[in-house]
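Going letter by letter, the sequence shown gives residues 32 to 735 in the numbering used here. All C-beta atoms, glycine included, are put in the ideal place defined by N, C-alpha and C.
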Amino acid sequence: MTYSASDPKPPVDPTELLPKKLAHARPLFDTGILRRAVRDAFLKLNPARLWKNPVIFVVEAGAAVTTILLIRDLVAGAADTGFTAQIVLWLWFTVLFANFAEAMAEARGKAQADTLRKTKSDSAARRVTAKGKIESVSASQLRAGDLVICEAGDTIPGDGEVIEGIATVDESVITGESAPVIRESGGDRSAVTGGTRVLSDRIKIKITSNPGETFLDRMIALVEGAERQKTPNEIALNILIAGLTLIFLLAVVTLQPFSSYSVAAAGAGAVPGVAVLVSLLVCLIPTTIGGLLSAIGIAGMDRVMQHNVLAMSGKAVEAAGDVNTLLLDKTGTITIGNRQASEFIPAAGVTEAELAEAAQLSSLADETPEGRSIVVLAKEKYGLRGRELSHHEASFVPFSAHTRMSGVDINGSQLRKGAADSIVQFVKESGGTIPEDLLETAARIARQGGTPLAVADGRRALGVIHLKDVVKGGMKERLAQLRRMGIATVMITGDNPLTAAAIANEAGVDSFLAQASPADKLNYIKKEQADGRLVAMTGDGTNDAPALAQADVGLAMNTGTMAAKEAGNMVDLDSNPTKLIEVVAIGKQLLITRGALTTFSVANDVAKYFAIIPALFMATYPALGALNIMGLHSPQSAVLSAVIFNALIIIVLVPLALRGVQYRPGDAGALLRRNLLVYGLGGLLAPFPGIWAIDQIVHAIGLA
């Protein structure tokens with residue numbers, strides 16, 4: 032069941048909140064990326080590819096029509112074709128600039144894919160035959176279910192699971208991290224990735240993928256921007272702007288007969304030509320967001336990849352921005368991962384230094400993280416250092432699940448540490464008595480969510496060691512940041528409710544799920560989703576796979592099992608569970624960027640009414656001259672200036688679409704007001720000085 036947690040203490044180390052250096056960040060206008068983007072911008076002129084973007088497809092159709100009419104006029108020797116030629120040129124520029132924005136985003140992904148592709152090689156593999164013999168085959172010949180042997184220096188030939196042995200593996204080709212990782216049979220560290228290299232020891236691997244289906248192959252395919260599928264929100268926005276385009280198309284088509292009637296009735300003015308009407312259409316439809324929409328989505332996936340997170344789809348990144356509930360595993364995510372000794376509490380008549388020395392001696396052979404933390408605490412607090420015990424006839428007593436104790440017999444002393452009830456029984460069997468304060472101390476530590484370890488020397492009880500989960504520095508700040516985003520945090524733990532409550536209180540999570548089984552996690556996610564919430568969670572084990580598959584955003588750890596990675600829709604190559612917080616921020620940034628530029632695009636069109644409408648009808652209806660508030664020089668310069676501005680603004684906004692609008696946690700109302708003020712009002716005002724300046728230049732150099 033879930034519990035509420037109250038506000039915790041301040042964080043230990045706020046420096047952990049500093050942004051992580053991007054592992055795969057590239058300069059925004061890298062020369063190689065620019066060359067590829069320019070080439071692809073021309074390739075995207077193919078109508079068979081461009082029709083998927085209805086707004087830009089209409090612009091291309093208009094450019095094609097005006098080009099045909101221009102060629103007809105040139106052949107016929109018509110006068111005044113210069114203006115039409117300029118319109119044609121800038122219409123094609125509009126299409127190319129829109130294609131360039133999408134191509135830039137795709138080129139960044141393709142550059143990453145090229146880097147990954149270089150790591151692939153058809154290496155040799157030692158396959159185990161049905162008779163147990165080893166044969167050398169090419170990695171491309173391996174199939175799912177094959178068994179291979181890998182030793183130090185070998186490249187792992189394909190994705191698989193370690194079924195025998197333990198080894199250190201260099202995964203820098205995938206993660207960018209130089210530190211090797213441990214891979215072993217059983218548990219949650221058994222998955223290996225094709226293309227990584229074994230550094231030590233020998234392991235037997237069961238291949239789990241066929242050629243072309245490896246994790247590296249999927250990475251290459253997924254970071255290719257061209258392969259990205261549109262998200263539901265993006266599809267909805269495409270439908271909206273396509274509808275607006277259709278409305279404006281119908282309106283512009285009706286202007287031709289309306290103009291003819293008006294000119295005939297007024298006896299003045301001229302019916303606008305096709306080039307002018309196409310210009311009006313292109314300026315009024317939402318070309319800005321139409322040209323940038325795809326780039327925004329691709330760039331969002333690219334930013335996630337820069338954080339070493341592989342998103343299986345754009346939908347996953349977008350869903351992260353809409354997440355309402357975030358499930359965080361306690362161990363390794365909220366806490367450091369292992370309980371640490373925090374203090375020595377001596378019994379009556381015992382000094383703290385005496386207890387620390389006995390605790391350290393009894394822990395010298397204890398290789399568990401808890402045992403090592405006891406040795407370190409004794410050294411830091413009392414200057415006690417590990418001693419050479421070979422000359423003291425020391426006999427170490429290993430931990431036993433039966434006795435729940437460990438220790439050492441040395442110089443006639445029987446030093447033991449372990450569970451409080453086990454030490455109580457040991458002391459009583461040795462003929463000693465238990466001080467009342469020791470039992471009270473153990474009970475108090477348990478109530479606080481810690482683990483009490485009692486220490487005894489034969490018949491004499493010495494005191495208690497307080498083991499506690501150490502909450503990661505800055506965790507409270509990070510969780511508070513999520514709260515400001517409107518996201519509820521839930522800690523998942525297998526601990527009892529008392530221990531879970533203490534950790535939840537210290538970390539500052541909104542609630543927690545104690546003694547959670549895989550079924551409990553799955554049911555909790557289903558319940559949240561049934562209430563209309565989007566849920567995100569992290570996981571690394573096979574037991575997390577059902578919940579990862581059910582969650583709207585499932586972030587699997589790269590060090591986890593293949594089942595977990597297959598179930599999630601994101602994989603963290605660094606295996607850092609707190610990375611989900613960054614992923615949520617990137618998702619929100621994607622949504623805000625799309626909303627901001629859509630607002631700017633729609634508001635942007637208003638100024639064009641004041642440029643083109645007076646240009647079209649001022650001669651017929653002189654009163655419309657009042658709308659020429661920018662004082663544009665002539666109808667032709669007004670139309671040309673609006674078309675040029677409409678094309679150039681796409682290029683100006685490309686860096687913003689690729690980098691994303693800066694996101695600051697806050698309530699939705701404040702974000703909406705900021706969006707309307709900066710991008711709504713900015714989009715409304717920016718075209719006026721822009722079109723005016725272009726008109727001055729156009730008039731000065733005699734283009735119109």
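Looking at C-alpha atoms only, which residue of 78, 160, 400 is the closest neighbour of residue 176? 160
Strictly by DSSP, which residues pair up with residue 736? Only positions 32 to 735 of the chain appear in the structure, and residue 736 is not among them; the question remains open.
Is it true that the CB of residue 544 sits closer than 8 Å to the CB of residue 566? Between residue 566 and residue 544, the C-beta spacing is not below 8 Å.
Give me the Cα-Cα distance between residue 718 and residue 676, rounded to the nearest whole angstrom. 7 Å
Buried/exposed call for residue 349, threshold 16 Cβ in 10 Å: buried
Buried versus exposed call for residue 106 [16 or more other C-beta atoms within 10 Å across all chains shown]: The Cβ neighbour count for residue 106, taken over all protein chains shown within 10 Å, is under 16; the residue is labelled exposed.
Note the first and the last residue of the continuous beta strand (DSSP E) segment covering residue 167. 165-169
Please classify residue 109 as buried or exposed, where buried requires at least 16 other C-beta atoms within 10 Å of its C-beta. exposed
Quick check on the burial criterion: 16 or more other C-beta atoms within 10 angstroms. Buried or exposed for residue 212? buried
contact_flag[the stretch 698-717, the stretch 618-633] where n(CB pairs < 8 Å) is 3 or more: Note that the stretch 698-717 touches the stretch 618-633; at least 3 beta-carbon pairs, one per stretch, sit closer than 8 Å.
Own chain residues within Cβ distance below 6 Å of residue 716, not counting five before or after: none
Give the DSSP bridge partners of residue 30, in chain order. Outside the shown range of the chain, which is 32 to 735, sits residue 30, and nothing can be said about it.
With DSSP as the reference, label residue 592 as helix, strand or coil. coil
Report yes or no: is there a C-beta of chain B within less than 8 Å of the C-beta of residue 719? The structure shown has no chain B; it contains just one protein chain.
With distance defined between alpha-carbon atoms, name the residue in 75, 100, 404 nearest to residue 88. 75
How close, in whole Å, do the beta carbons of residue 188 and residue 200 come, if the pair is a contact with beta carbons under 8 Å? Not really, about 13 Å apart at Cβ, beyond 8 Å.
Looking at the strands, I want to know which residues DSSP matches up with residue 191. 223, 238
Residue 91 versus residue 229 - alpha carbon distance: 53 Å
Tell me whether residue 169 is buried or exposed, calling it buried when 16 or more other Cβ atoms sit within 10 Å of its Cβ. exposed
Could you say which of 479, 696, 681, 734 lies nearest to residue 323 if we only look at CA atoms? 681
CB contact flag (residue 138, residue 71, <8 Å): yes
Report the residue from 503, 558, 220, 65 whose alpha carbon sits nearest the alpha carbon of residue 571. 220
Here's a check: name, in chain order, each residue in its chain whose Cβ is nearer than 8 Å to the Cβ of residue 165, leaving out the five neighbours to either side. 157, 158, 159, 180
From this set, 203, 318, 696, 478, which residue's C-alpha is nearest residue 532's C-alpha? Of the candidates 203, 318, 696, 478, the one whose C-alpha sits nearest the C-alpha of residue 532 is 478.
Taking the Cβ atom as the reference point for each residue, do residue 449 and residue 461 lie within a distance shorter than 8 Å? no
Between which two residues does the alpha helix (DSSP H) containing residue 336 stretch? 318-337
Look at residue 672 and residue 679 and say whether their C-beta atoms are less than 8 Å apart. no
Is DSSP giving residue 364 helix, strand or coil here? For residue 364, the three-state secondary structure derived from DSSP is coil.
Mind checking who residue 445 pairs with in its DSSP beta bridge? 440
In angstroms, rounded to a whole number, what distance separates the CA positions of residue 120 and residue 281? 24 Å
For residue 453, which residues in the same chain have their Cβ closer than 7 Å to its Cβ, ignoring the five residues on either side in sequence? So the qualifying residues of the chain are 434, 435, 436.
Looking at the unbroken alpha helix (DSSP H) that takes in residue 341, where does it start and where does it end? From DSSP, residue 341 is part of no alpha helix (DSSP H) but of the beta strand (DSSP E) over 340-342.
Whose CA, out of 154, 524, 616, 162, lies closest to the CA of residue 358? 524
Can you give the Cα-Cα distance for residue 541 and residue 535, rounded to whole angstroms? Linking residue 541 to residue 535 through their CA atoms gives a straight-line distance of about 8 Å.
Output yes or no for whether 8 Å exceeds the beta carbon distance between residue 194 and residue 236. yes
Under three-state DSSP, which class holds residue 651? coil
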